[in-house]
Structures are given as C-alpha cells and as structure tokens.
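Worksheet: one structure, shown below.
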Amino acid sequence: MSNTGNEQNHVDDVLAVTGGSRGIGAAIVRAAAARGYAVCFSYREDAAAAQALLEELRTSGARVHAVRGDVADPGFAAVLFDEATAMLGPPTAVVNNAGITGRIGNFATLPLEVLRRTIDVNLLGTMLVAQEAVRRWQAAGIAGRLVNISSIAATLGAPGEYVHYAATKAAVDALTVGLGKEVASSGIRVNAVAPGTAFTDIHAAGGDPDRPARVASRVPMGRIAQPQEIAHAVLWLLSDEASYLTATVVRVSGGV
20 MSNTGNEQNH VDDVLAVTGG SRGIGAAIVR AAAARGYAVC FSYREDAAAA
70 QALLEELRTS GARVHAVRGD VADPGFAAVL FDEATAMLGP PTAVVNNAGI
120 TGRIGNFATL PLEVLRRTID VNLLGTMLVA QEAVRRWQAA GIAGRLVNIS
170 SIAATLGAPG EYVHYAATKA AVDALTVGLG KEVASSGIRV NAVAPGTAFT
220 DIHAAGGDPD RPARVASRVP MGRIAQPQEI AHAVLWLLSD EASYLTATVV
270 RVSGGV
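The numbering used here puts the first residue of the sequence shown at 20, with every later residue one more than the last.
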C-alpha cells in the first residue's frame, strides 16, 4: 500500500477493529489499510459486506482478515486476538467500534431485551475487548493504543430518541478516562472519539433511517459527517502524532 502526504507508515502495526464491515468501522479499516496497517476486523451478520471489503482491500495490496462473531459473547475477544495474531501478527492497536442504538423511541417504552442488548454490545463488549487488549499488551510489554468509539449522545442524553444508547456511551467515556489513567505507566494509550451524527445505516437499524437529514439543522457546521471524517480522527489518535494524549475523549461533531 502506498501512503500520501505526510502520513505515517504503519507496516509493522496490526490493528483490530470491531464492527468493521460497514459504516464508520469500514471507513476506519480502509483508512488504516491506506496507512500500511495490517487490519483484522470483526463483523456479526453481514458476511457479504465483510467479503466485499476484504476483496476491495486485498486488490489494493492490503493485509486484511475478517472474523465473524459477537462482541457481547464473553469468549469472542480472545478469538478476535487469536485469529488476528495467527493471520497477521499480534495486534498493536485496537478500535472498539461495534455498537448499536437499539430501538429509537421513548425510554419508558423500551423492552428489557432492547435495554440489555444495547448494554451488552456497547458497554460489556467494549469492556471485554479492552480487557483482552490490556492483558496481552501488558504481558508482552507492548505499548498498545486503544480507541473506543463513543458518541456526543453521551453528553447530550438523546432525549426522546435513545437515552439508553446515550447512557452506554457515557459509560464508555468513563471507561476511557479511567482505564487510560490506569495503564498509562505501561505505555498503553486509551482514548475515545465521540462522533456526531454520520451517514451510516445505524439509524435505519434503530428504526429511524431519515434521522441524519432530520438533525442536520442542529449542527453548527450545517451538515452531517461522512464516515471517513470520523476515521481520520481515530487514525490520528492511534498515531505517534498523538503520543502524549491518553484518557481523553475527542468530539468530532461539527460543533455540536
């Protein structure tokens, strides 16, 4: 893979990305591959999207691998790291991207299964992957980099839409700050990107496919983010240019 401009070449880095077959996750995978990372990404259901992304990137000369599984499964984090290591080498960087909004609507009417699933994917899944990363990096003496994908909903609350989702992302922010401080002495950096609304299918999955267009007027910049704009912030946090940054949540929200 060739790099452009002053981008750092990461040919010795292996990046693991959860939820990497579509949307922001796929944008992160593409951006990382363009910078020379070998990338192992996970997906849960859309095998066609995962295969298409693999073929696209391999045609460009990237080293990529995909693992099917659910981040909420307690055993999946180990599987992700084991497969990444076997196929590409030990991950030196991780992006916790997998997430769902759950059903969009008033909090009081949400069924227990929606609440539980949102917590299991967005919070427990993120925690399990973070644990696996830290354990392996500390055991091997790797100065790893972890970026969690949060949301501006963590501070806005998302009333009338997805309070439950916002609560899980607020917890991800707390995890990022606390864990970042806890492992800093090991040379491990932990940060988060909190995107605003972006053009992805996460809104359709939650039952409101028109939400991006509907909320554009609330954004000071007057538009919704493209997934690659979020990906650029993630890749910067993983790079040496952010070497003194940890336990920090970076808002990428057009001013919201």
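Don't be surprised by glycine CBs; every beta carbon is placed ideally from N, CA and C.
Open item on the list: According to DSSP, simplified to helix, strand and coil, what is I161?
Closed with: As a position in the sequence shown, residue 161 is number 142, starting the count at 1. Residue state for I161 is assigned as coil, using DSSP reduced to three classes.
Open item on the list: Using only the alpha-carbon positions, how far apart do G273 and S258 sit?
Closed with: Taking the sequence shown and counting its residues from 1, one reaches residue 273 at position 254. Taking the sequence shown and counting its residues from 1, one reaches residue 258 at position 239. Going from the Cα of G273 to the Cα of S258 covers about 22 angstroms.
Task: Where L72 falls: helix, strand or coil (DSSP) - done: As a first step, residue 72 is located in the sequence shown; it is residue number 53 there, counting from the start. Three-state DSSP puts L72 in a helix.
Open item on the list: Please return the same chain residues whose Cβ sits closer than 7 angstroms to the Cβ of F95, not counting the five positions on each side in sequence.
Closed with: On the sequence shown, position 76 is the one that residue 95 refers to. Apart from the 5 residues on each side of it in sequence, F95 sits with its Cβ closer than 7 angstroms to the Cβ of G88 and D89 in its chain, given in chain order.
TODO: Look up S79 in the DSSP assignment and say whether it is helix, strand or coil.
DONE: For the purposes of this step, residue 79 is identified with residue 60 of the sequence shown, where counting begins at 1. DSSP, reduced to helix, strand and coil, places S79 outside both helices and strands of the structure shown, so it counts as coil.
TODO: Let me know the secondary structure DSSP gives S170 once reduced to three states.
DONE: Position 151 of the sequence shown, counted from the first residue, corresponds to residue 170. In the structure shown, S170 falls within a coil segment according to DSSP collapsed to helix, strand and coil.
TODO: Count the other C-beta atoms from every protein chain shown that fall within 10 angstroms of the C-beta of T128, then say buried if there are 16 or more, exposed otherwise.
DONE: Locating residue 128 in the sequence shown gives position 109, where the first residue counts as 1. It counts as exposed.
Open item on the list: Does R77 pass the burial test, meaning 16 or more other C-beta atoms within 10 Å, or should it be called exposed?
Closed with: What you label residue 77 is simply residue 58 of the sequence shown in a count that begins at 1. With a 10 Å radius around the Cβ and a threshold of 16 neighbouring Cβ atoms, R77 comes out exposed.
TODO: Starting from the C-beta of A149, find all residues in its chain whose C-beta is less than 8 angstroms away, skip the five residues before and the five after it, and write them out in chain order.
DONE: Along the sequence shown, read from residue 1 onward, the residue named residue 149 stands at position 130. Here A149 has V113, N115, L165, N167, L194, L198 and V209 as same chain residues with Cβ atoms under 8 angstroms from its own Cβ, once five neighbours each way along the sequence are excluded.
Task: Length of the line joining the Cα atoms of I43 and D92 - done: Looking up residue 43 in the sequence shown gives position 24. Looking up residue 92 in the sequence shown gives position 73. In this model, I43 and D92 are separated by some 22 angstroms (Cα to Cα).
Task: R208, DSSP secondary structure in three states - done: As a first step, residue 208 is located in the sequence shown; it is residue number 189 there, counting from the start. DSSP places R208 in strand when its eight states are reduced to three.
Task: Beta-carbon spacing of P110, V33 below 7 angstroms - done: Mapped onto the sequence shown, residue 110 falls at position 91. Mapped onto the sequence shown, residue 33 falls at position 14. Contact flag set, yes.
Task: DSSP state of Y56 mapped onto helix, strand, coil - done: Against the sequence shown, residue 56 aligns to sequence position 37. DSSP places Y56 in coil when its eight states are reduced to three.
TODO: State buried or exposed for E132, treating a residue as buried only when at least 16 other CB atoms are found within 10 Å of its CB.
DONE: For the purposes of this step, residue 132 is taken as residue 113 along the sequence shown, with counting starting at 1. Exposed, since its Cβ has fewer than 16 Cβ neighbours within 10 Å.
- [ ] Have a look at E201, E151, G176 and A117 and flag the residue whose alpha-carbon is nearest the alpha-carbon of V140.
- [x] Against the sequence shown, residue 140 aligns to sequence position 121. Of the listed residues, the one whose Cα sits closest to V140 is A117.
Open item on the list: Within a Cβ cutoff of 8 angstroms, which residues of the same chain sit near V36, ignoring the five residues on either side of it in sequence?
Closed with: Position 17 of the sequence shown holds residue 36. Cβ within range, chain order: G44, I47, V48, A51, V58, C59, F60, S61, V113, V114 and N116.
- [ ] Report yes if the C-beta distance between R41 and A71 is below 7 angstroms; otherwise report no.
- [x] Taking the first residue of the sequence shown as 1, we reach residue 41 at position 22. Taking the first residue of the sequence shown as 1, we reach residue 71 at position 52. It is not a contact, given that the beta carbons lie outside the stated cut-off.
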